[in-house]
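Residues 15 to 154 in this note's numbering are what the sequence shown lists, from first letter to last. Ideal Cβ positions, reconstructed from N, Cα and C, are used throughout, including at glycine. The structure presented is a predicted model; accordingly, all values stated were derived computationally and were not measured. What follows is one structure encoded as structure tokens, with my remarks underneath.
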Amino acid sequence: MTSNGKFSPYWDEDKMSWGEIENIIEGYKRNVELMAVTQQIAIETTKSVIQLQTQYMKHAFDQLSSQAKHGLSPNVNDDQSEFGKATVDSAVQHATKINTILTKSNEKIIENVQKRFKEGLEESAATVKKAKSSTKKYRK
Numbered sequence: 015m016t017s018n019g020k021f022s023p024y025w026d027e028d029k030m031s032w033g034e035i036e037n038i039i040e041g042y043k044r045n046v047e048l049m050a051v052t053q054q055i056a057i058e059t060t061k062s063v064i065q066l067q068t069q070y071m072k073h074a075f076d077q078l079s080s081q082a083k084h085g086l087s088p089n090v091n092d093d094q095s096e097f098g099k100a101t102v103d104s105a106v107q108h109a110t111k112i113n114t115i116l117t118k119s120n121e122k123i124i125e126n127v128q129k130r131f132k133e134g135l136e137e138s139a140a141t142v143k144k145a146k147s148s149t150k151k152y153r154k
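This is the structure we're talking about:
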């Protein structure tokens, strides 16, 4: 806000051209598009993680069920430590898959946000430059 209580001298007396206003609106539209793309990436990532979690839990319960049946049979072997090791290995592999999916998703989102941020700065600089030049015209 300026000292006279107005938001900007460029908005006073219709000093901003329609082209400049269109540029601002286009920038806003691109920001909304960025949010939509980011939301889609998040949705796809969530679906992938849920699918992997479901598969993992099904596999884990199948393994536990099999181990429980095996433990109740008269031929109980001393392979509980092998089962434990396999379970830990499976959990680490699963966590690694989840981490990879989340990392790739975050990288895509950050890349899109950085690109749009740079574009926005360029657009803002161009708009300010145009506004300053048009203000000089009005003052002459």
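Reduced DSSP category for residue i - H, G, I as helix; E, B as strand; rest coil
i, result
"serine 79", "helix"
"serine 138", "helix"
"serine 147", "helix"
"serine 31", "coil"
Of the residues the options, the one placed nearest residue i, counting alpha carbons only
i, options, result
"threonine 60", "Glu133, Thr117 and Leu135", "Thr117"
"isoleucine 115", "Ala82, Lys43, Glu58 and Ile38", "Glu58"
"lysine 78", "Gln54, Lys144 and Gln94", "It should be pointed out that residue 78 corresponds to leucine in this sequence rather than to lysine. Nearest of Gln54, Lys144 and Gln94 to leucine 78, Cα basis: Gln94."
"asparagine 113", "Ile38, Ser80, Ser62 and Lys43", "Ser62"
"glutamine 53", "Asp76, Asn126 and Lys132", "Asn126"
"arginine 130", "His108, Val51 and Gly33", "Val51"
"alanine 109", "Lys132, Lys146, Ile64 and Ala145", "Ile64"
"glutamate 40", "Ser147, Lys146, Lys143 and Glu133", "Glu133"
**OP:** Kindly confirm or deny that the stretch 136 to 147 and the stretch 53 to 71 touch, where touching means at least three C-beta pairs closer than 8 Å.
**Re:** For the pair of segments examined, the stretch 136 to 147 was found not to touch the stretch 53 to 71: the number of CB pairs separated by less than 8 Å stays below three.
**OP:** Answer yes if the stretch 102 to 113 comes into contact with the stretch 35 to 50, meaning at least three C-beta pairs across the two stretches below 8 Å, and no otherwise.
**Re:** no
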